[in-house]
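When the letters of the sequence shown are read in order and numbered with the numbering used here, they come out as residues 51 to 1091.
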Amino acid sequence: MNMKESLLPKFSVHRPVTVVMTLFAILVVGYIAYTQIETELFPKGFVPPYLGVWIPYREANPKEVEDQIARPSEEMLQTVSGVKQISSYSHSNGCWVWLEFSNDTDMDVAYMLVRERMDRLLATELPDDIENVYIRKFRNDDDPIVWFGLTIPEEMDDPFFIVDYYVKRALEQIDGVANVEMWGASEKIIQILVNQDKVKAHKINVYQLIQNLRRDNFSLSSGYVYDGNRKIYVRSDGKYRNIDDVRNIRIKGENLFLKDIADIVYDEPRQRRWVQRIDGKKAISVGIYKESMANTVELSDKILAKLDELSKHEKLKGMTFNVFFNQGGFISQSVDNLVNAGLWGGLFAFSILYFFLRRFKMAFIINLAIPLSLLMTVTVLYFMGWTMNMMTMMGLMLSVGLVVDNSIVIVENIYRLRNKGMSREESSVKGASEVSLAITMATLTTVVVFLPLILMNDDLGFAFYMLRIGLPVIVALIASLFVALVIIPLATTRLVSNKQTKRSGLIEWGTNAYDRILKWTLLHRLETTIIVLVLMVSMQIPMSGVKQGDQGGGNINDVRLLLDMPEHYTMDDAKALVDTIESYVNKMNAVYNVRTVNSRYSNNWGRVRVFLNPPKETQWWQVVWKNISSSIGLINDSVMTRNEVLEDLKENVPKYPGVKIRTSWRDDSGGGGSVSILLQGDDTQTLVELSEEVERRISRIPEIISVETDREKGASEIQLFIKRDQAAKYGINPRVISGQISYALRGIELPEFQSTEREIDVRVQYAEEDMENFEQLKSMTFLTSSGQEIPLSSLVDFRIRKGMGEIHRRNGKTTLEISGYTTEDDIQMVHKKITKALASFEMPRGYSWSFGNRFMRMQETNSSQKFAVILAITFVFLLMGVLFESFILPLSVLVSIPLSFFGAYWLLYITGTPFDLMAGIGLIILIGIVVNNAIVLIDMINRLRKDGLSRSEAIIEAGHHRFRPILMTAFTTIFGLIPMAVGNANLIGMPYAPLGRVMIGGLLSSTALTLVAVPLFYTFFDDLRNIWSKVQVLAFGRGKS
């Protein structure tokens, strides 16, 4: 057959010096790019269309927060352009308002508009004692790059100041550190603790007293005066200079001072709202944030060096430094994993190629595609300004097994022509030219499957991250095409001799066996079709048995116990509970392989976070060897995996009446082992009544182990209803009544006190012993203008009710959340049972129920993946139509796609791997990979038929020649994916294993079945094309090819 020679192979063979210089340039520039490219945990540049507004309001009840903060904030923020949804969460300590914007919103402009609206609201409508409103942007680099804890010796005085002065300031001075935050210890403050009996004895108006104190501690610019020709500025300074200044504030007449009616102390707040511990000791956590341009790995190394230096500081003696998370180390481990995956992929590819080809040089030449393609990809990423991060590294890992496919096809075709007697140059040019269009189309099929993922506008975040995964794969595949068409023809011409090499006996046997199977298939098309259909029907077993999951592993090797405690619990009760749990964990220390335990608790919630030592097996092959050795009894490893630790904690942690304990490895807000149902409507009380019926129904579901509502999370509260007629009778302003109660119970911040070293917070409130019980509250008195004392009980009605733990509003409607806790991993199945349980529940008009965000995100992901699969198949079909110039023959290639799904689902089922987001991505990528062998096989069949062979002869001849390269491309890809498929979250940091397993299972089944099913369905569709041509001849007097 005379074929036009392709330009690139011809250029490669005839311009060897140019090609060699190009190769050296790729190596040099690629090495420079690899050493200079910045490494980060996540890619930069994506700003999610969300803003969070936090309005702190201490010691309030959620209903008060809703009325005074949430509703006014929602009304004000609705006027910001681009707002798509507003949600608010009112708690006892403040309010979060979450804003979701449309995808085309400029978030910098949105931030300024929200800031302007909230500043206006703060000045006009929000309660007076709210001083600041915080607005949060969301970026990938919002998380600390190093997070560590410091244990505090019991005898240490003012640990907050010591850590702030000696640790925080030292870390802030490191070049590249943007911010250092501390949690866990209470800063010493000046507390003005008012004595209620003394206030009554001296007839002090507490409300007026506190207003005066708030105005007192000031420094005010008062303009300027002239002294001769000098202009002198005047400042009125009324600031306190020491604590005695505060004690000696005159409050009434000449002889009554603040110290006469209150205790003024400099100490930690008497009532801490929560406690933090590390390994049973009081502790402080410190998070370090980097500047946007700082190199994460280098900065992390500097921080760790500084921490080592600080651990020896005299003032920090007795403190222990515990590093919980080091982003730089995590990135370095990930890069090492990538390099190792590349090396192992190259070794596997070389071994497989040598096994099939029995030529060292030829196997080496093909293997060059791996380093050359990856170096070219890193170079492109470097000059695009991208970083080496978890997403790009995942793309590069995927590429390792794919980039040799084109070279295999070309080398195999060159080798075939050379065996027919062609010269080196002619066989290299012609061999590459013959398959150039087919491998180009095969490469494009893999490229186009990423387009549906990248171009999906309904989820900007998903599209952004998929681009960071997909582009490295796309560039690597295009680079591999360049290597195959330019480097390989020259290398085979210059380095590979014409010496015939005897094929492996196993390969010869396999090829001959395949020839017999193929001949039988063509003679027994009906029987073969039935066998294929039975296999495809059997796929229903794994599809229904594979669990639907949405949980990832997380970046930190830890497990968490989340504690919900009854409202009657005190801090001592909570401490006893946490002590018991920590005691159990300490007992299991060796089995769990515990590194450290970090606990936080208040009187009604707690979290025990168990950090595990990293596994000794840091490479995929070590994991495989350990699993095999354990299964056959060679080693007796008593150390539990993270999953096993979770299961053990679920079963064996001591149980307490009324305490709900959940296990998770996600963030507290991540959902963990819970599913949520949202009830929406206008009236909170109606929602509470509806929630009781919902709770009753879903609690009957066996997989739901406990149910909790927002109302149950709330504490009992005393609600005060002011008797306005009584207040008017005594001339007491209702605002004074609510203000004095607030000051007494919650306290209020006064202007800060400036010491020689720092600014110190000042707080005034009633002494703790004066507000310990309900009777003391009722006996609080208010002064009339005539000096008469009126007790609070005469001015308000008291009602004790169950309060809401949190009031959630979404788009102006109150929302009540019901959480069902489950140990079941198959969340999809749990949701189906909940839907069935609530199907007959009729809601009043204006009220509705829906699943929470976790389920909605999972549904959106599933819908997006189905859409992406359909679109990917469509793109592949269009490309096949261009290649074969036919509407029907591309269908025979598409047959390989469902055949790949067969193996993908069965492997997930056998290994017990849930079908999650990563598995879905793997399924989509699989569509573009599995058609490649079918493309080249059918392309060769068509070429042979054009050379004069019959259809059956062409199929058998093409199958005979394509059998070996099909196996080579499949096995190089499969073995290249092994490091990903057997890895776990501890090694890689993201759940890559489902993706790798889907692709391996799909490639195995597709390879085995494609060799039979594609030729079989090719004959069916070819018959259909012939029938259609005859119909056209009869109908129109002409035929179409």
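Positions of the beta carbon are idealized from the N, C-alpha and C atoms, including for glycine.
Keep in mind that this is a model prediction, so the values were computed, not measured.
| Query | Result |
| --- | --- |
| At which residue ranges does the segment 892-942 contain complete alpha helix (DSSP H) runs of 4 or more residues, listed in the order of the chain? | 903-934 |
| Between the C-alpha atoms of VAL1064 and ILE947, what's the straight-line distance to the nearest angstrom? | 11 Å |
| My guess is that GLY368 and PRO106 are in contact by the Cβ rule of under 8 Å, so how many angstroms apart are they, rounded? | About 33 Å separates the two Cβ atoms, so there is no contact after all. |
| Between the Cα of LEU613 and those of TYR651, SER142 and GLU150, spot the shortest distance and give me the residue it belongs to. | TYR651 |
| Under DSSP, the beta strand (DSSP E) around MET232 begins and ends at which residues? | 227-233 |
| Report the option in VAL97, SER142 and TRP197 whose CA atom is closest to the CA atom of VAL159. | VAL97 |
| Determine the extent of the alpha helix (DSSP H) in which SER486 is found, giving its start and end residues. | 474-498 |
| Where do the ends of the beta strand (DSSP E) carrying THR201 lie? | 196-201 |
| In this structure, how does DSSP classify ARG1075 when only helix, strand and coil are distinguished? | helix |
| On the criterion of 16 or more Cβ atoms from any shown chain inside 10 Å, does HIS141 qualify as buried, or is it exposed? | buried |
| Please tell me whether GLU739 has its Cβ less than 8 Å away from any Cβ of chain D. | Of the protein chains in the structure, only one exists, and it is not chain D. |
| How would you label ALA1092, buried or exposed, when you count the other beta carbons within 10 angstroms and need 16 or more for buried? | Since the first residue of the chain shown is 51 and the last is 1091, residue 1092 is not available in this structure. |
| Out of MET438, SER1079, TYR564 and VAL744, which one is the CA nearest neighbour of ALA1058? | TYR564 |
| Quick one: grab the DSSP three-state call for ILE224. | coil |
| Which residues mark the beginning and the end of the beta strand (DSSP E) in which TRP655 is found? | 655-662 |
| Opposite TRP146 in the DSSP bridges: which residues? | TRP104 and TYR139 |
| Assuming PRO112 and SER236 are in contact, meaning their beta carbons sit under 8 Å apart, how far apart are those beta carbons, in whole angstroms? | That pair is no contact at about 24 Å. |
| Name the residue from PHE374, LEU101 and GLY708 whose alpha carbon lies nearest to the alpha carbon of VAL133. | LEU101 |
| Can you tell which of MET162, TRP146 and CYS145 has the C-alpha that lies nearest to the C-alpha of SER131? | MET162 |
| Output the distance between the C-alpha atoms of ASN653 and VAL115, rounded to the nearest integer angstrom. | 21 Å |
| Based on Cα-Cα distance, which residue from ILE567, PHE1071, ARG849 and THR865 lies nearest to TYR1095? | Residue coverage of the chain in this structure runs from 51 to 1091, which leaves residue 1095 outside it and unanswerable. |
| Which word fits PRO59, buried or exposed, when buried means at least 16 other C-beta atoms lie within 10 angstroms of its C-beta? | buried |
| Roughly how many angstroms lie between the CA atoms of LEU1037 and ASP178, to the nearest whole one? | Confidence at LEU1037 is low in this model, with a pLDDT of 40, below 50, so the placement of that residue is unreliable and no value is reported for it. |
| Kindly list the residues whose CB is nearer than 7 Å to the CB of SER844, restricted to its own chain and excluding five residues on each side of it in sequence; keep chain order. | GLN776 |
| Whose CA, out of PRO592, VAL725, VAL454 and VAL596, lies closest to the CA of GLY902? | VAL725 |
| Taking GLN241 as part of the beta strand (DSSP E), name the residues at either end of that continuous run. | 239-244 |
| On the DSSP bridge assignment, give the partners of ASN648 in chain order. | ILE328 and ARG659 |
| Looking only at its chain, what residues have a beta carbon closer than 8 Å to the beta carbon of ARG747, apart from the 5 residues adjacent to it on each side? | ALA887, LEU888 and PHE891 |
| Within the same chain, show all residues whose beta-carbon is closer than 6 Å to that of PHE1013, passing over the 5 residues directly before and after it, in chain order. | THR561 and TYR564 |
| Anyone know if the C-beta pair for SER950 and VAL980 falls short of 8 Å? | yes |
| Measure the C-alpha to C-alpha separation of LEU545 and PHE414 and round it to an integer number of angstroms. | 10 Å |
| Would you mind reading off the limits of the beta strand (DSSP E) that contains GLY837? | Careful: GLY837 lies outside any beta strand (DSSP E) and carries neither H nor E. |
| Report the three-state DSSP secondary structure of LEU259 (helix, strand or coil). | helix |
| What does DSSP give as the partner residue(s) for MET990 in the beta ladder? | Per DSSP, none; premise fails for MET990. |
| Between which two residues does the alpha helix (DSSP H) holding ARG813 run? | Per DSSP, ARG813 belongs to no alpha helix (DSSP H); it is in the beta strand (DSSP E), 809-816. |
| For LEU503 and MET516, which I take to be in contact (beta-carbon distance under 8 Å), what is that distance rounded to the nearest angstrom? | 4 Å |
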